[in-house]
Structures are given as structure tokens and as C-alpha cells.
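**Q** Taking our numbering, I'd label the letters of the sequence shown as residues 13 to 225.
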Amino acid sequence: MSQQLTIALAKGRILDDTLALLARAGIEPADNLSSSRKLVFSTNQDHIKLVLIRSADVPVYVQYGAADLGVAGKDVLREHGGEGLYERVDLKIATCKMMTAGFADRTRPRGRLKVATKYPEITRDFFLQQGQQVELIKLYGSMELAPIVGLADLIVDLVDTGKTLKANGLIPLEHIMDISSRLIVNRASLKMKNQAVKDLVSKMEKAVEESFG
Ligand code: AMP
Numbered sequence: 013m014s015q016q017l018t019i020a021l022a023k024g025r026i027l028d029d030t031l032a033l034l035a036r037a038g039i040e041p042a043d044n045l046s047s048s049r050k051l052v053f054s055t056n057q058d059h060i061k062l063v064l065i066r067s068a069d070v071p072v073y074v075q076y077g078a079a080d081l082g083v084a085g086k087d088v089l090r091e092h093g094g095e096g097l098y099e100r101v102d103l104k105i106a107t108c109k110m111m112t113a114g115f116a117d118r119t120r121p122r123g124r125l126k127v128a129t130k131y132p133e134i135t136r137d138f139f140l141q142q143g144q145q146v147e148l149i150k151l152y153g154s155m156e157l158a159p160i161v162g163l164a165d166l167i168v169d170l171v172d173t174g175k176t177l178k179a180n181g182l183i184p185l186e187h188i189m190d191i192s193s194r195l196i197v198n199r200a201s202l203k204m205k206n207q208a209v210k211d212l213v214s215k216m217e218k219a220v221e222e223s224f225g
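#1: For G181, collect the residues of the same chain with a Cβ closer than 8 angstroms to its Cβ; drop the 5 residues on either side in sequence, then sort them by chain order.
#2: Is the distance from the Cβ of Q141 to the Cβ of L125 below 8 angstroms?
#3: Could you pull the DSSP bridge partners for L170 from this structure?
#4: Under 8 angstroms by Cβ, that's how I've got T129 and M111 pegged, so tell me the actual separation to the nearest angstrom.
#5: From P248 to Q57, what does the alpha carbon distance come to, in whole angstroms?
#6: May I have a chain-ordered list of the alpha helix (DSSP H) segments no shorter than 4 residues that lie completely inside the segment 159-223?
#7: Kindly indicate if chain D contains any beta-carbon less than 8 angstroms away from that of L62.
#8: Do you know offhand how far A219's Cα is from L33's?
#9: Checking 8 angstroms against the spacing of the C-beta atoms, do R194 and V101 come in under that value?
#10: Under a Cβ-count criterion, where at least 16 other Cβ atoms within 10 Å of its own Cβ denotes burial, should V52 be classed as buried or exposed?
#11: Shortest alpha-carbon distance to I134 belongs to which of N198, L148, K23?
#12: Which stretch, first to last residue, makes up the alpha helix (DSSP H) that contains Y73?
#13: Hey, quick one: how far does the alpha helix (DSSP H) through E133 stretch, first residue to last?
#14: Cα separation between K175 and Y98?
#15: Quick check: is any heavy atom of the ligand AMP less than 7 angstroms from the C-beta of I26?
#16: Should I191 be listed as close to the ligand AMP, given that the test is whether its C-beta is under 7 angstroms from any heavy atom?
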């Protein structure tokens, strides 16, 4: 019997691009993931099933082996820390930049800089490397609002087209890192299900190569 694989996929903006790559790799879900309320999906490959969860939960499922593989953004992986998993393929989808942003004309405060973000690990590392002590304010969304209402001096967020910042009177300032989605693998699955995992990883590598060169 072939080794069974579970792949954890993230809901939201990376889902369509992920499904396109999986389709190129010959894996198609039995139902429409975007419209269904189901969380577990069988595929045209008897040994592969998909689970659909929140992006920040993908590395957690893979870390504990509840999923053998997963697709998650580099931002989510850096925040998680990467324990128990390997990052195997840069899927080159959902590309964007992690940046600091703020008002163009705002003078620096005399005290500690207040930085609002959904990404405390990345933000802490970035300012530490700069030798700057900042006050981190953890938010769960709509970071752009924080400078407007005086909650923070700066934000750290993902920037794609820059339209969200612009619509709120903010500008991108410093580039922290490039982001894209990665295929991750549970460490134990790589050993125990080596053949099936290797086969899937190489199909996905080929799908990326065909899609983006
Ligand atoms: P944009 O207006 O195109 O610069 O997009 C910025 C907004 O979309 C911000 O709220 C970001 O948090 C979010 N965003 C941009 N790119 C991504 C991505 N690859 N993954 C998740 N969220 C993103």
C-alpha cells in the first residue's frame, strides 16, 4: 500500500496559487476548497488528502505530524520558529515584502519608538540587529490604523502593491525581508514516508520550475 500523505493548506490569499501548483503536480481536490465548508478533502490521488486551516496553524500541524507537509508563507514560518519541520521548496507564490512603514513627515519620538505589528519575532530581530530598543505592540490586523490613531510610531507589515499603505497616508520605509510561500515537511515524515514525500517534493519543484522558470 502506498504511504498516505496529508498536506496542510492555508485559507486566504495564497490558496488559489497553491491549488494551481498542486494541479500542475497532478493533485486535484475532489471538492472546491474555496466554496466548501469542509476542512478535510480527498484528492484524485488516493494516498493524498488536504486539510484547510488558518495560515499561522500550518507550521503547527506540520511540526506535530498532524500533517506531513504544508504550504505557508516565510513570514508565518519565521514567527513559528521552524521547530520539527524542514523548509523544502520555495514555491515562488504570494510574493511580497516585509517592511517598516510610517508617516513620511513624522519626527522621531524622544522616548522609545513604538512599533505595531502582527510579526513580533521578525520585528524584534530586525530592530535588535539595528541596535535599537523598541516597544513592540502586538496586533492581529489592520496595522495601518495604529500610526493614524497614535498607538504606534511605525508598523511592520507585508507590502505587496503598496496600495493599503497609500490609502492610509503611510509610506514604506525599510525593507526587512522578501516573502514567498514555502513547502514544508514534518521531520519524522521525511524519514518514515521518505519515498512518498520525495516524490511529492520533486513534483512540486517541477511545477514551480514550469510555472516560474
Ligand atoms: P498591498 O496593498 O497590495 O500592499 O497589500 C497589503 C495588505 O495585504 C496588507 O494588509 C498585508 O498584510 C496583506 N498582504 C500583502 N501580501 C500578502 C501576502 N503575500 N500574504 C498575506 N498577506 C499579504
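We put the beta carbon where it would ideally sit given N, CA and C, even for glycine.
Bear in mind that the values here come from a model prediction, so they are computed numbers and not experimental data.
**A** Inspection of the coordinates gives the following:
#1: F115, I160
#2: no
#3: M110
#4: With a Cβ gap of about 11 angstroms, T129 and M111 do not count as contacting.
#5: Beyond the ends of the chain as shown, which are 13 and 225, falls residue 248; an answer cannot be given.
#6: 175-179, 199-204
#7: The structure shown contains no chain D, having only a single protein chain.
#8: 6 angstroms
#9: yes
#10: exposed
#11: L148
#12: 70-75
#13: 132-141
#14: 34 angstroms
#15: yes
#16: yes
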